[in-house]
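Participant: Residue numbers (this note's numbering): 1 to 202. All C-beta atoms in this analysis are idealised placements derived from N, C-alpha and C, irrespective of residue type, glycine included. Handing you this structure, nothing more for now.
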Ligand SMILES: [Zn+2]
């Protein structure tokens with residue numbers, strides 16, 4: 001190998017590394033302020049980041065199981081299909097790589113009824129005094145962290161991954177509406193006065 005080849009090789013390797021680093025940044029980072037919001041809401045520290053098989057960025061506290069990652073993908077797949085469908089014909093934020101999911105520690109794993117229901121305790125805010133209010137906080141299955149950045153929070157699950165898909169689809173509905181139909185987003189974003197999910201249907 002002559003000097004020229006070596007330099008070119010070296011330059012190419014450097015170039016490839018820069019590209020990898022850049023792509024890693026581009027696909028796996030939300031703005032720091034969004035991550036801070038997720039940490040403030042959940043009380044968790046999101047130190048791990050991975051991608052689902054379909055390319056959703058997932059932040060977590062402890063390693064996320066393959067079942068969780070697949071459940072996130074299938075919840076979004078269903079959401080995208082409905083959103084693209086003839087009833088809505090939405091176009092924006094319908095790629096897996098558009099999304100960031102924060103998987104927080106569950107603050108409870110059972111609902112009052114006793115059923116498995118990993119949820120996150122968040123400040124009651126507009127839910128204060130409603131049936132959801134548990135004394136200054138409510139238990140949420142999921143929560144939009146930043147509709148603009150396509151980011152939401154869910155609780156980690158060790159079973160019932162269909163529930164994960166459902167929560168992902170439902171939180172995703174708020175984001176898809178924010179990106180495609182702002183009026184409907186505003187009408188449906190707050191469940192404290194009633195209303196819930198699903199919002200979008202075939
Ligand atoms: Zn909702």
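1) For ligand 2, is there a heavy atom less than 7 Å away from the beta-carbon of residue 88?
2) In terms of DSSP beta bridges, what is residue 60 paired with?
3) In the DSSP assignment, what residue or residues form a beta bridge with residue 108?
4) Can you list, in chain order, the residues of its chain whose CB lies under 6 Å from that of residue 177, leaving out five sequence neighbours each side?
5) Give me the DSSP bridge partner(s) of residue 142.
6) Using only CA atoms, which one of 122, 93, 41, 163 lies nearest to residue 68?
7) Output the boundary residues of the alpha helix (DSSP H) element that contains residue 38.
8) Give me the Cα-Cα distance between residue 96 and residue 150, rounded to the nearest whole angstrom.
9) Does residue 158 pass the burial test, meaning 16 or more other C-beta atoms within 10 Å, or should it be called exposed?
10) Classify residue 45 as buried or exposed, calling it buried when 16 or more other Cβ atoms lie within 10 Å of its own Cβ.
11) Where does residue 132 sit, in a helix, a strand or coil, going by DSSP?
12) Run through the DSSP bridge pairs and tell me what residue 185 is partnered with.
13) How would you write the range of the alpha helix (DSSP H) that residue 94 sits in, first residue to last?
14) Residue 103: which of 92, 132, 51, 135 sits nearest, CA to CA?
15) Assuming residue 93 contacts residue 154 under a Cβ cut-off of 8 Å, what Cβ separation, rounded to an integer in Å, is found between them?
16) Output the boundary residues of the alpha helix (DSSP H) element that contains residue 174.
17) Take the Cβ of residue 190 as the centre, count every other Cβ of all protein chains shown within 10 Å, and call the residue buried at 16 or more, exposed below.
Facilitator: So, from the listed chains and residues:
1) As for ligand 2, it is missing from this structure, which binds only ligand 1.
2) In the DSSP output, where bridge partners are listed per residue, residue 60 has 48, 103.
3) DSSP output for residue 108 lists 119 as bridge partner(s).
4) Setting aside the 5 residues that flank it on each side, residue 177 is surrounded in the same chain by 184, 185, each with a C-beta closer than 6 Å to its C-beta; the list follows chain order.
5) Residue 142 is bridged by DSSP to 154.
6) The candidate whose alpha carbon is nearest that of residue 68 is 163.
7) Note, residue 38: alpha helix (DSSP H), 32 to 42.
8) Near 10 Å, if we compare the C-alpha coordinates of residue 150 and residue 96.
9) Exposed.
10) Exposed is the call here.
11) Coil at residue 132, not helix or strand.
12) DSSP output for residue 185 lists no bridge partner at all.
13) Careful: residue 94 lies outside any alpha helix (DSSP H) and carries neither H nor E.
14) Nearest of 92, 132, 51, 135 to residue 103, Cα basis: 51.
15) In fact, because the Cβ distance is near 17 Å, the residues do not count as touching under 8 Å.
16) Counting along the chain, the alpha helix (DSSP H) containing residue 174 begins and ends at 161 to 180.
17) With fewer than 16 other Cβ atoms within 10 Å, it is exposed.
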